[in-house]
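*Asks:* Each residue of the sequence shown is one higher than the one before, starting from 129 at the first, in this note's numbering. The structure that follows is given in the form of structure tokens.
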Amino acid sequence: MRGAFLAFFLLVSYFSNAATDFELIDIGILDPINPSAVQVIPEIGSFAVIADGHNEATIRAGERVSLSLSNGRVKVSFPGRTLGLFKEVRLMSLTDEGFFRIYVLSPKKDERVYDDHLIIKPLKNELRLINRVNLEKYVAGVVEAESGKEKELEFYKVQAIISRTYALSNRRKFLAKGFNLNDLVDSQVYHGKCRWEPSILEAVRQTEGKVLVDSEMNLVTAAFHSNSGGETVSSDDVWSKQLPYLSPRSDEFSRTGEHYTWEQKVHRNKWLEYLYQKYDLSNQDEQISEMATNYKQPNRQVFFIDPAYKIPLKDIRMDWKLKSTFFDITSDGDSLVISGKGFGHGIGLSQEGAMRMAELGFGYVDILHFYYDDVHVIDLRALDFFREE
């Protein structure tokens, strides 16, 4: 394996000088909104209107086209005229710099801006909207949506690499729906074009094509969360799937984060009734009730109270909408105070920990190696080269 990686590094200079031609990726957008009518206005560049495979028109910057569901087809309208009803409509940018603004008319929603192309298909009661976008532009949009503004450049590089890796390793997730990924948390949050933070665009440019692979040259599951609470967890503690590069570790860098601690109150009787109804944990046994209402978790555990009771903390977190599984419980009269640490599933990279490491001067490669075991940052084109060989 060392020989293979040595060979890879000898090829880096060649690939770094090769022409970049990363593919497009199809993102299902605005899915939960269920739009039945939208209006699209190009901001930069001209767009070809391709309806059922035929080039029907061209719209330029500032011009608008309306698209709505009508009799099971996509109705295409311009000011003063209707183009017709179609099974599929594509608005294809005629330049690499083209982007457009989209307004959801029904139901009424805030506008969004997207790079590259838009595909519109009719469903039963709504339009399916697909943003066909250059991978690097998509990554920039994800980083802005997931990370926000005014962060360190090295942190944005970290987020760009894991977002790119996730997109490529999960690109078949929604093929049955006609696209690669959606724009929600079960893929990656994506609100469209990166517009507000130039440092993100620079981070994506500097890491262009870089992905994270394991020792077998496979794209990793680049899991991340908001804050680890000071300890990350093993992947099999949450997903019942062991991935060697997602192992637990102490994470002092997350302890200054905004979401390091949290607190939630619940009614004592509701808590005990829940444990009885779901897990048959007796609410009449004083010793058990005491353990269930005065619970300490000095280090992250997988099960509540004791593994013998078979009560997964991840299920409690989901049922009670807690920020993490890392919490203590204390009594407060008729209530219980759940005092927790961290935000998210705790697997892989802690965003707030990575932000802190970047602030302290760590480089993006060091940050990735801190949170993921035995991984390598490589150029995607080199990965394809090795697989072809």
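We put the CB at the ideal spot given by N, CA and C, even for glycine. As the structure is a computational prediction, the values presented were derived from the model and not from experiment.
1) Hey, out of Trp324, Phe228 and Val261, whose CA is closest to Gly173's CA?
2) Could you check how far apart the C-beta atoms of Met419 and Glu280 are, in whole angstroms? I think they sit under 8 Å.
3) Select from Tyr499, Leu409, Thr389 and Tyr500 the residue whose C-alpha is nearest the C-alpha of Leu450.
4) Quick check on the DSSP output: the beta strand (DSSP E) that includes His395 runs from which residue to which?
5) Excluding the five sequence neighbours on either side, which residues of its own chain have a C-beta within less than 8 Å of the C-beta of Gly306, listed in chain order?
6) Nearer than 7 Å: is that true of the beta carbon of Ser297 relative to any heavy atom of the ligand ZN?
7) Which of helix, strand or coil does DSSP assign to Phe381?
8) I'd like the list of long-range same chain contacts for Gly223, defined as Cβ closer than 8 Å, with 5 residues on each side in sequence excluded.
9) Would Ile526 and Leu496 be called neighbours here (beta carbons separated by less than 8 Å)?
10) Suppose only complete runs of 3+ residues qualify. What are the beta strand (DSSP E) ranges in the stretch 261 to 306, listed by chain order?
11) Relative to the C-alpha of Phe302, which residue among Gly276, Asn310 and Gln370 is closest?
12) Skipping 5 residues on each side, what residues in its chain have a beta carbon closer than 7 Å to that of Ile416?
13) Alpha carbons only, please: which of Leu508, Phe214, Ser297 and His473 is nearest the one belonging to Val366?
14) Within 10 angstroms of the Cβ of Pro207, are there 16 or more other Cβ atoms? Answer buried if so, exposed if not.
15) Taking the alpha-carbon positions, what's the Ser291 to Val217 distance?
16) In or out: Ser467 buried (at least 16 other Cβ within 10 Å) or exposed?
17) Are the beta-carbon atoms of Asp443 and Ser343 separated by less than 8 Å?
18) Which residue marks the beginning of the alpha helix (DSSP H) containing His497, and which one marks its end?
19) According to DSSP, is Ile161 part of a helix, a strand, or is it coil?
20) Please state whether the Cβ-Cβ distance between Glu359 and Ser375 is less than 8 Å.
21) Nearest-angstrom Cα distance between Lys424 and Gly476?
22) By the three-class DSSP mapping on this structure, what secondary structure does Asp408 have?
23) So the candidates are Pro435, Phe352, Tyr437 and Val168; which of them puts its Cα closest to the Cα of Asp244?
24) If Arg428 and Val361 are in contact, beta carbons under 8 Å, what's the gap, nearest whole angstrom?
25) Closest to Ile247 by C-alpha separation, out of Lys215, Val493, Val267 and Gly269, would be which residue?
26) Our contact map puts Thr335 next to Lys285 with C-beta atoms below 8 Å; I'd like the distance itself, whole angstroms only.
27) Could you pull out every residue in the same chain whose Cβ sits closer than 6 Å to the Cβ of Ala486, ignoring the five residues on either side in sequence?
28) By the DSSP assignment, the alpha helix (DSSP H) with Asp447 in it spans what residues?
29) So what does DSSP say about Gln334, is it helix, strand or coil?
30) Report yes if the C-beta distance between Val317 and Glu380 is below 8 Å; otherwise report no.
31) For Leu222, name the three-state secondary structure that DSSP assigns.
32) Taking 7 Å as the limit between beta carbons, can you name the residues of its chain near Val339, skipping five residues before and five after?
*Replies:* Here's the rundown:
1) Sorting Trp324, Phe228 and Val261 by C-alpha distance to the C-alpha of Gly173 places Phe228 at the top.
2) So it is not a contact: roughly 44 Å between Cβ atoms.
3) Closest option to Leu450, Cα to Cα, is Thr389.
4) First-last of the beta strand (DSSP E) with His395: Thr389 to His395.
5) Only residues of its own chain outside the window of five on either side were considered, and among them Asp154, Gly156, Lys249, Arg256 and Ile258 have a CB closer than 8 Å to the CB of Gly306, listed in chain order.
6) By its list of ligands, the structure shown contains no ligand whatsoever, and the ligand ZN lies outside what it can speak to.
7) Of the three classes helix, strand and coil, the one that applies to Phe381 here is helix, per DSSP.
8) The sequence shown places Thr at residue 223, not Gly. Hits under 8 Å: Ile172, Gly173 and Ser174.
9) This structure does not reach residue 526, given that the chain is present from 129 up to 517, and the question cannot be answered.
10) Runs found: none.
11) The candidate whose alpha carbon is nearest that of Phe302 is Asn310.
12) Around Ile416: Leu409 and Ser410.
13) Of the listed residues, the one whose Cα sits closest to Val366 is His473.
14) Exposed.
15) For Ser291 and Val217, the distance between alpha carbons rounds to 29 Å.
16) The C-beta of Ser467 has fewer than 16 other C-beta atoms within 10 Å across all chains shown, which makes the residue exposed.
17) Cβ atoms of Asp443 and Ser343: not closer than 8 Å.
18) Annotation for His497: the continuous alpha helix (DSSP H) segment containing it runs Tyr492 to Tyr499.
19) Reduced to three states, the DSSP call for Ile161 is helix.
20) No, these two residues do not count as a Cβ contact at 8 Å.
21) Taking the CA atoms as reference points, Lys424 sits about 24 Å from Gly476.
22) Of the three classes helix, strand and coil, the one that applies to Asp408 here is coil, per DSSP.
23) Nearest neighbour of Asp244 by Cα position, chosen from Pro435, Phe352, Tyr437 and Val168, turns out to be Val168.
24) About 6 Å; that satisfies the 8 Å criterion.
25) When each option's Cα is compared against that of Ile247, the closest is Lys215.
26) Contact between Thr335 and Lys285 holds, with the beta-carbon distance rounding to 5 Å and staying under 8 Å.
27) Result list for Ala486: Glu280, Glu282 and Phe283, in chain order.
28) Leu441 to Trp448 is the span of the alpha helix (DSSP H), which, as asked, contains Asp447.
29) Helix, per DSSP.
30) No; because the gap between Cβ atoms is not below 8 Å, this pair is not in contact.
31) Coil at Leu222, not helix or strand.
32) So the list reads Ile289, Arg292, Thr293, Leu296, Leu347, Ile506, Leu508 and Leu511, once near-sequence residues are dropped.
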